[in-house]
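Peer 1: Protein chains in written order, with our numbering: chain B, 2 to 413; chain R, 2 to 413.
Just so it is clear, CB atoms sit at the ideal spot from N, CA and C, and this is done for glycine as well.
Keep in mind it's a predicted model, so treat the numbers as computed, not measured.
Supplied in structure tokens, the structure appears directly below.
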């Protein structure tokens, strides 16, 4: 079986200023086509050290993947190091130079002289196009092995890897296919999910089920190894059904979707429109629902009524209600939802009012207290939560919870 | 100057299941006592590969720090590898064994036999106590160099490093202090900044200036090495002033602030309030301005007028203007800003209308076309942009640009 070595380049990685997430991502991609990574190296911006490390990686691995050091400044030395390993010179590539000039021209920006270096390639190497930036990737053969260099920024590296590098690497795979697919859960903790799943999450299984958590969203990773892609896909599909049977509504997507994407899909499918009245989340729910392309199909009006006057003048909340119960109360939340739906004419409205903190909490109304109203059809449902932790956490968790409540509405 | 090499051990790191955050954390700690990390290695659970990597790291570095592979299972092989490097045997340490038994007894848990191995140490090595778990660390001398192994879980590694390892390492540092501070720029590219800064960014300088980019925000890292903390701080302060003198308004923060924080600070300082009328950014600008604690002090009203009807009914945009010029036009942007300011009574309003994509673009109005109006005092300034790339990029860049335009208003 062929194997890979990964090298991440940059002083900022060695000083702890930046965290190397590229290597982990690349190793997952490689594993999906059956290629294990046997070592990962992080080195600084030094041409001798970089070329030594490439040579060392080539000793054991068949494919060496490098990220970083392809920029236009003096500390970008990956192209020089590859030339050194190959024993060739750097040579100006006219086509690359015109692509880079074109990149700046299209954006109406002056091209700095330093960008010229990005048009130089080691002789015998080929360029990998970068539609997002000026740093082309580099691909070279070395004694039947493969050297690939890609830019460091993940937004440039990832599409280059998927579109240009992975297809070439797949041919090296020979035999076993390892596929990973993910499904998404919300509404309970990791340990509860592990308990419910029991043996499904046992080690050493095939398919293997792993679990990671980020911002309240629980991702289940299902890894299947098989002779063919179709077999692995079948195994994963079976395991997904089994998991859905156990977890039920906790699973919000059998694919890698966001909660907003799932809700958007349901709204579009039902031809329903939605309006939002946000206070403490300050537009975050509107932002999430409009992250999804085609949001014009379901999203009509959003209000960020941060002040009491805004709640009164824009949503028709009664000033007396605010005086009597406070801006953070189920009564005000209810009037916000009613106002939003009436004024927008939408099918559904969601209102949110709460105390995101760090200030503004009292004993009766602590930081983290949030009311969410879902006004759908004839029903106005009031939900009350007290979320812990920071301002960011409260806002994020509130918005995800609102999306999840709306998702569950569609299950009825 | 002494230097360090870091080795992270574990198959889960090579398969991308776990992200190695230990190395980055350790390298920051080391730098704070003047020890640069010259290489980071990630290898799997293989005793030969681990011992080869330790030897290799010792070739160049004076201190080799290892995390992972100290657990009780068969794939925990760090102690064996260190014994191999030192050319000694593993030996049962009675004191360690009783500590481990005690650990289980205190928790009223049966001790598995496999845990015995954790009481074995390479001869000549010393144990580092682990109050949090059963995996002791290992410290050994090797030809005037230092080998340190710590458990992989950050919650066990971090206290062990701080309490037991760092004090020993500090003696190697020869009194040098290395400080890093950051400053933030927006409004131009990395290469233009590098060109303007010229020698300021030369390699091998002290203080050293590095540059990283993320989402359009350019961060300059200023690293100074000196005998005392005060000297290093003075050097950084001087370099920051020099950079500000060259880059001028491109620098938006001499500290590590977000653009929204800087704008919020200016609004509060001036006692000005702001309202927002967003179309294509769908609440993202409101979200960013309310990310900052205390946003009630300056933020009043926000509208997410995604549909034409919302623009008309909520902001008083003239339907004829939309018919004549389209929703994405400077005329509509202008009426949105005027409506927002009139209806909210705020001192300043910002309006945004554009085509975030991926659909909806035409030849005359391509995806990425955005109008931003800043209505401040008597002046209404209309800004037109065509941002490239994805929906997410267009939305993100639009909002940062709006914040930056407002920041520059305050410079006048």
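1. Can you tell me the Cα-Cα spacing of residue 1 of chain R and residue 252 of chain R, whole angstroms?
2. Label residue 240 of chain R either buried or exposed according to how many other C-beta atoms from any shown protein chain fall within 10 Å of its C-beta, with 16 as the threshold for buried.
3. Take residue 287 of chain R and list the residues in its own chain whose beta-carbon comes closer than 6 Å to its own, dropping the five residues that flank it on each side.
4. I want to verify the contact list: residues of chain B whose CB lies under 8 Å from the CB of residue 20 of chain R, in sequence order.
5. Identify every residue that forms a DSSP beta bridge with residue 302 of chain B.
6. Does residue 232 of chain R get closer than 9 Å to chain B when you measure Cβ to Cβ?
7. Let me know the alpha helix (DSSP H) ranges lying completely inside the stretch 41-90 of chain R, each 4 residues or longer, listed in chain order.
8. Examine chain B for any beta-carbon lying closer than 9 Å to the beta-carbon of residue 284 of chain R, and answer yes or no.
9. Between the C-alpha atoms of residue 320 of chain B and residue 339 of chain B, what's the straight-line distance to the nearest angstrom?
10. My assumption, with CB atoms under 8 Å, is that residue 373 of chain B sits in contact with residue 390 of chain B. Please give the rounded CB distance.
11. Could you tell me whether the stretch 145-154 of chain R touches the stretch 60-77 of chain R, using the rule of 3 or more Cβ pairs below 8 Å?
12. Are residue 22 of chain B and residue 98 of chain R closer than 9 Å when you measure CB to CB?
13. For residue 402 of chain B, which three-state DSSP category applies?
14. For the alpha helix (DSSP H) that contains residue 158 of chain B, what are its first and last residues?
15. Is residue 398 of chain R buried or exposed, if buried means 16 or more other CB atoms sit within 10 Å of its CB?
16. Closer than 7 Å by beta-carbon distance: list the chain B residues that pair up with residue 315 of chain R, in chain order.
17. Whole angstroms are fine: how far does the CA of residue 36 of chain R sit from the CA of residue 11 of chain R?
18. The beta strand (DSSP E) that contains residue 13 of chain R, what's its start and end?
19. Our contact map puts residue 65 of chain B next to residue 17 of chain B with C-beta atoms below 8 Å; I'd like the distance itself, whole angstroms only.
20. From the DSSP output, read off the bridge partner residues of residue 264 of chain B.
21. When we look at the beta-carbon of residue 1 of chain R and count the other beta-carbons within 10 Å, is it buried (16 or more) or exposed?
22. Using a Cβ-Cβ cutoff of less than 6 Å, which residues in the same chain neighbour residue 249 of chain B once the five nearest sequence positions on both sides are dropped?
23. Give me the residue from R:183, R:76 and R:30 with the minimum Cα distance to residue 44 of chain R.
24. Confirm, please, whether the CB-CB distance from residue 31 of chain R to residue 419 of chain R is below 9 Å.
25. Per the DSSP calculation, residue 279 of chain B is bridged to which residue(s)?
26. Residue 358 of chain B and residue 168 of chain R - do their beta-carbons sit closer together than 9 Å?
27. At 8 Å on the CB atoms, spell out the chain R contacts of residue 388 of chain B, in chain order.
28. From the DSSP output, which residues share a beta bridge with residue 1 of chain B?
29. Can you give me, in chain order, the residues of the stretch 191-210 of chain R that have a beta carbon less than 8 Å from any beta carbon in chain B?
30. What would DSSP say about residue 195 of chain R, mapped onto helix, strand or coil?
31. Which first and last residues belong to the beta strand (DSSP E) in which residue 220 of chain B is found?
32. Kindly indicate if chain B contains any beta-carbon less than 9 Å away from that of residue 396 of chain R.
33. On the premise that residue 104 of chain B lies in contact with residue 135 of chain B, defined as a C-beta separation below 8 Å, what is that separation, rounded to the nearest angstrom?
34. Please list, in chain order, the chain R residues whose beta carbon lies closer than 8 Å to that of residue 295 of chain B.
35. When the cut-off is 9 Å and only beta carbons count, does residue 50 of chain R lie next to chain B?
36. Using three-state DSSP, classify residue 39 of chain B as helix, strand or coil.
Peer 2: A quick look at the data gives this:
1. What the structure shows of chain R is the stretch from 2 to 413, and residue 1 of chain R is not part of that stretch, so it cannot be assessed.
2. Looking up residue 240 of chain R in the second chain gives position 239. So residue 240 of chain R counts as buried.
3. Position 286 of the second chain, counting from 1, holds the residue named residue 287 of chain R. So the qualifying residues of the chain are 277 and 303.
4. Within the second chain, the letter at position 19 stands for residue 20 of chain R. Neighbours of residue 20 of chain R on chain B, chain order: 20, 22 and 25.
5. Position 301 of the first chain holds residue 302 of chain B. Looking at the DSSP output, residue 302 of chain B sits in a beta bridge with R:306.
6. The residue labelled residue 232 of chain R in the question sits at position 231 within the second chain. Chain B contact via Cβ: absent.
7. Here the runs fully enclosed are 48-61 and 79-87.
8. On the second chain, residue 284 of chain R is found 283 positions in, with the first residue counted as 1. Chain B, which has a Cβ nearer than 9 Å to the Cβ of residue 284 of chain R, makes this yes.
9. Taking the first residue of the first chain as 1, we reach residue 320 of chain B at position 319. Taking the first residue of the first chain as 1, we reach residue 339 of chain B at position 338. When rounded, the distance between both Cα atoms is 15 Å.
10. Residue 373 of chain B sits at position 372 when you count from the first residue of the first chain. Residue 390 of chain B sits at position 389 when you count from the first residue of the first chain. Incorrect: roughly 18 Å between the Cβ atoms, too far for contact.
11. yes
12. Walking along the first chain from the start, residue 22 of chain B turns up at place 21. Walking along the second chain from the start, residue 98 of chain R turns up at place 97. No; because the gap between Cβ atoms is not below 9 Å, this pair is not in contact.
13. Here residue 402 of chain B refers to the residue found at position 401 of the first chain. DSSP places residue 402 of chain B in helix when its eight states are reduced to three.
14. For this step, residue 158 of chain B is matched to residue 157 along the first chain. Segment 155-161, the alpha helix (DSSP H) holding residue 158 of chain B.
15. Numbered from its first residue, the second chain carries residue 398 of chain R at position 397. A residue is called buried when at least 16 other Cβ atoms come within 10 angstroms of its Cβ; residue 398 of chain R meets this threshold and is buried.
16. In the second chain, residue 315 of chain R corresponds to position 314, counting from 1. The contacting residues are 302.
17. As a working mapping, residue 11 of chain R is identified with position 10 in the second chain. As a working mapping, residue 36 of chain R is identified with position 35 in the second chain. Computed Cα separation, rounded: 25 Å.
18. Within the second chain, numbered from 1, the residue matching residue 13 of chain R stands at position 12. Residue 13 of chain R -> not in any beta strand (DSSP E); alpha helix (DSSP H) instead, spanning 12-15.
19. Start at 1 with the first residue of the first chain, and residue 65 of chain B comes out as number 64. Start at 1 with the first residue of the first chain, and residue 17 of chain B comes out as number 16. That pair is no contact at about 24 Å.
20. Here residue 264 of chain B is taken as the residue at index 263 of the first chain, counted from 1. Beta-bridge pairing links residue 264 of chain B to no other residue.
21. Nothing can be reported for residue 1 of chain R, as the shown portion of chain R is limited to 2 through 413.
22. Looking up residue 249 of chain B in the first chain gives position 248. If we look at residue 249 of chain B and ignore the five residues flanking it on each side, it has no Cβ neighbours.
23. Along the second chain, read from residue 1 onward, the residue named residue 44 of chain R stands at position 43. Taking only the C-alpha atoms, the option nearest residue 44 of chain R is R:76.
24. For residue 419 of chain R there is no data in the structure shown, the boundaries of chain R being 2 and 413.
25. Locating residue 279 of chain B in the first chain gives position 278, where the first residue counts as 1. Answer is B:305 and B:353, bridged to residue 279 of chain B.
26. Position 167 of the second chain holds residue 168 of chain R. Position 357 of the first chain holds residue 358 of chain B. Not in contact: residue 168 of chain R and residue 358 of chain B (Cβ atoms no closer than 9 Å).
27. Translated into positions along the first chain, residue 388 of chain B becomes position 387. Going along chain R, no residue has its Cβ under 8 Å from residue 388 of chain B, so there is no contact; the nearest lies around 16 Å.
28. Summary: the structure shown does not reach residue 1 of chain B, with chain B confined to residues 2 through 413, and so no result is reported for it.
29. 191, 192, 193, 195, 196, 202, 203 and 204
30. If you number the second chain from 1, residue 195 of chain R lands on position 194. Three-state DSSP puts residue 195 of chain R in a helix.
31. For the purposes of this step, residue 220 of chain B is taken as residue 219 along the first chain, with counting starting at 1. It spans 218-227 - the beta strand (DSSP E) in which residue 220 of chain B sits, taken as one unbroken run.
32. Counting from 1 along the second chain, the entry for residue 396 of chain R is found at position 395. Output row for residue 396 of chain R: interface = yes.
33. If you number the first chain from 1, residue 135 of chain B lands on position 134. If you number the first chain from 1, residue 104 of chain B lands on position 103. About 5 Å; that satisfies the 8 Å criterion.
34. Counting from 1 along the first chain, the entry for residue 295 of chain B is found at position 294. Per Cβ cutoff of 8 Å: 360.
35. As a position in the second chain, residue 50 of chain R is number 49, starting the count at 1. Output row for residue 50 of chain R: interface = yes.
36. Translated into positions along the first chain, residue 39 of chain B becomes position 38. It is a strand residue.
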